[in-house]
Amino acid sequence: MSNRPPTLDEVAQRAGVSTGTASRVINNAQHVSKKARQAVERAVEELGYVPNVAGRSLASQRRGAVVLAISSDDPALFANLFFAEVITGVNAVIEETDLQLMLVLAASERGRDRLARILQSRSADGVMLLALRENDPLSKLADESGVPVVHGGRSLDRTPQWYVDADNRGGARQAVEHLIGVGRQRIATITGQLDLHVGVNRYLGYREALALAGLSDARVAHGDFGEASGAAGMTRLLDEHPDLDAVFVASDAMAAGALRVLHERGRAVPEDIAVVGFNDVVTAQHTQPRLTTVHQPIEALGREMTRMLVRLINGERPTPLILPTELVIRDSA
-14 MSNRPPTLDE VAQRAGVSTG TASRVINNAQ HVSKKARQAV ERAVEELGYV
36 PNVAGRSLAS QRRGAVVLAI SSDDPALFAN LFFAEVITGV NAVIEETDLQ
86 LMLVLAASER GRDRLARILQ SRSADGVMLL ALRENDPLSK LADESGVPVV
136 HGGRSLDRTP QWYVDADNRG GARQAVEHLI GVGRQRIATI TGQLDLHVGV
186 NRYLGYREAL ALAGLSDARV AHGDFGEASG AAGMTRLLDE HPDLDAVFVA
236 SDAMAAGALR VLHERGRAVP EDIAVVGFND VVTAQHTQPR LTTVHQPIEA
286 LGREMTRMLV RLINGERPTP LILPTELVIR DSA
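Per our numbering, the sequence shown starts with residue -14, numbered consecutively.
The structure is reproduced here in structure tokens:
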């Protein structure tokens, strides 16, 4: 018979809880149910489990804070409904814990230096990264910090160990398939930034749908997900491809800009040109006409990122998560 001491995993199994929950009980963490706490305490007594002193010391050094670092230094960021909804989701989960949230805009050198100081001083227990570009220095900075890291979305150069993303490629494909299904054949797109994973995948979804239907994917203008670039892209497409009969736009903000240009040019939507956006932010319901768009669960993305980070901080090993998207048909297509 083995004389080895019981492990934390065995305590968790005996108590019928996750290892992370058992760890929180043993380390006197808050926000553990009375039932779980009693089950763990009973398992500890039955098994004769002795907590690792070094581990408890490490747990006691937690700072009680997490960072949401966004690879942007645009002061208009908070007017972007996508980021506003993500932050709402993050905050909803933070309020269920005893953690504090620090927000860092870290696209500039100054912003990255600020994040580096926070991480190097161990002022945070974990970090969430959002809107990373290809070869974004934030990835390396966070990885080298030694704290748990969760990515909102993926970057083009690597797939992180822990991330929450939406099915951008499948959603874009569904949008274009809808346009094909209602009889459109000269379908253009206004892409997002192609140094972002999300921009590339929405563009690939557009191309896949057209390839499967045997249609041309040559009607392309590039934007940056903002409304002004949607207007500029629509202007370019009308000048270069006046025969187009539909456009898939990679964000609702750009779609709003595109709709404005179509109105100014006297093109009826959807009679002359059908329009589909992506995101389903609240403004999609108030454009003229109301915007057909791909719904992605933006607030849920923020919530799930935060839940994943909390689980990592508590010693659990979550798996990456891809959230489903869904086409919402309104008046524009």
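In this text, a Cβ means the ideal position worked out from N, Cα and C, and glycines have one as well.
>> Within a Cβ cutoff of 7 Å, which residues of the same chain sit near Arg250, ignoring the five residues on either side of it in sequence?
In response: Within the sequence shown, numbered from 1, the residue matching residue 250 stands at position 265. Here the set comprises Leu223.
> Quick one: what's got a C-beta closer than 6 Å to Leu189's C-beta in the same chain, skipping five residues either side?
Replying inline: Position 204 of the sequence shown, counted from the start, is the residue given in the question as residue 189. Within the same chain, Leu189 has close Cβ partners Arg154.
> Taking the Cβ atom as the reference point for each residue, do Leu88 and Glu119 lie within a distance shorter than 8 Å?
Replying inline: As a working note, residue 88 is residue 103 in the sequence shown. As a working note, residue 119 is residue 134 in the sequence shown. Not closer than 8 Å, so no.
> What residue range is occupied by the uninterrupted beta strand (DSSP E) comprising Thr176?
Replying inline: Here residue 176 corresponds to residue number 191 of the sequence shown, with the count starting at 1. Boundaries of the beta strand (DSSP E) harbouring Thr176: 172 to 176, taken from the DSSP string.
> If we count the other Cβ atoms within 10 Å of its Cβ and call it buried at 16 or more, is His163 buried or exposed?
Replying inline: Taking the sequence shown and counting its residues from 1, the one referred to as residue 163 is at position 178. His163 should be labelled buried.
>> If I follow the unbroken beta strand (DSSP E) through Ala259, where does it start and stop?
In response: As a first step, residue 259 must be located in the sequence shown, where it is residue number 274. Segment 259 to 264, the beta strand (DSSP E) holding Ala259.
> On the premise that Leu286 lies in contact with Val135, defined as a C-beta separation below 8 Å, what is that separation, rounded to the nearest angstrom?
Replying inline: Locating residue 135 in the sequence shown gives position 150, counting from the first residue. Locating residue 286 in the sequence shown gives position 301, counting from the first residue. Taking a contact as a CB-CB distance under 8 Å, the pair Val135 and Leu286 does not count as one, their CB atoms being some 11 Å apart.
> Any idea if Glu289 is buried or exposed, counting beta-carbon neighbours within 10 angstroms, 16 or more meaning buried?
Replying inline: By 1-based counting over the sequence shown, the position of residue 289 is 304. By the 10 Å Cβ count, Glu289 comes out buried.
> In terms of alpha-carbon separation, which member of Ala240, Ser18, Thr174, Val112 lies closest to Tyr148?
Replying inline: For the purposes of this step, residue 148 is identified with residue 163 of the sequence shown, where counting begins at 1. Nearest to Tyr148 by C-alpha distance, out of Ala240, Ser18, Thr174, Val112, is Val112.
>> Tell me the rounded alpha-carbon separation between Ser93 and Gly138.
In response: Counting from one through the sequence shown, the residue named residue 93 turns up at place 108. Counting from one through the sequence shown, the residue named residue 138 turns up at place 153. Rounded to the nearest angstrom, the two C-alpha atoms are 20 Å apart.
> Arg27 to Ile79, Cα distance in whole Å?
Replying inline: Residue mapping note: residue 27 aligns to position 42 of the sequence shown, counting from 1. Residue mapping note: residue 79 aligns to position 94 of the sequence shown, counting from 1. When rounded, the distance between both Cα atoms is 30 Å.
>> Let me check one thing: in DSSP terms, what residues is Phe67 bridge-paired to?
In response: For this step, residue 67 is matched to residue 82 along the sequence shown. In the DSSP assignment, Phe67 forms no beta bridge with any residue.
>> Could you compute how far the alpha carbon of Ala216 sits from the alpha carbon of Ala160?
In response: Taking the first residue of the sequence shown as 1, we reach residue 216 at position 231. Taking the first residue of the sequence shown as 1, we reach residue 160 at position 175. Roughly 20 Å separates the two Cα atoms.
> In this structure, does DSSP put Glu249 in helix, strand or coil?
Replying inline: For this step, residue 249 is matched to residue 264 along the sequence shown. Residue state, collapsed to three classes: helix.
> Is it the case that the Cβ atoms of Gly208 and Ile175 are separated by a distance below 8 Å?
Replying inline: What you label residue 208 is simply residue 223 of the sequence shown in a count that begins at 1. What you label residue 175 is simply residue 190 of the sequence shown in a count that begins at 1. A contact, by the Cβ cut-off of 8 Å.
>> With a threshold of 6 Å on Cβ separation, who are the neighbours of Asp316 within its own chain once the five nearest residues in sequence on each side are excluded?
In response: Mapped onto the sequence shown, residue 316 falls at position 331. Scanning its chain for C-beta atoms nearer than 6 Å, with the 5 sequence neighbours on each side dropped, one finds around Asp316 the residues Pro274, Arg275, in chain order.
>> If the criterion is Cβ atoms closer than 8 Å, does the pair Glu284 and Glu70 meet it?
In response: The residue labelled residue 284 in the question sits at position 299 within the sequence shown. The residue labelled residue 70 in the question sits at position 85 within the sequence shown. Closer than 8 Å, so yes.
>> Tell me the rounded alpha-carbon separation between Leu181 and Asp121.
In response: Along the sequence shown, read from residue 1 onward, the residue named residue 181 stands at position 196. Along the sequence shown, read from residue 1 onward, the residue named residue 121 stands at position 136. Roughly 10 Å separates the two Cα atoms.
> For Ile258, which option in Leu247, Val267, Thr268 has the closest C-alpha, if you only look at C-alpha atoms?
Replying inline: By one-based count along the sequence shown, residue 258 stands at place 273. It is Leu247 whose Cα lies nearest to the Cα of Ile258.
>> Within a Cβ cutoff of 8 Å, which residues of the same chain sit near Val35, ignoring the five residues on either side of it in sequence?
In response: In the sequence shown, residue 35 corresponds to position 50, counting from 1. Leaving aside the five residues that flank Val35 on each side, the residues in its chain whose CB is nearer than 8 Å to its CB run, in chain order, Pro(-10).
>> If contacts are defined as beta-carbon pairs under 8 Å, then Gly300 and Thr4 qualify, I think. What distance do you get, rounded to the angstrom?
In response: By one-based count along the sequence shown, residue 300 stands at place 315. By one-based count along the sequence shown, residue 4 stands at place 19. Rounded to whole angstroms, the Cβ separation of Gly300 and Thr4 is 6 Å, and the two are in contact under 8 Å.
> Helix or strand or just coil, what does DSSP make of His163?
Replying inline: Within the sequence shown, numbered from 1, the residue matching residue 163 stands at position 178. In this structure, His163 counts as helix in the three-state DSSP scheme.
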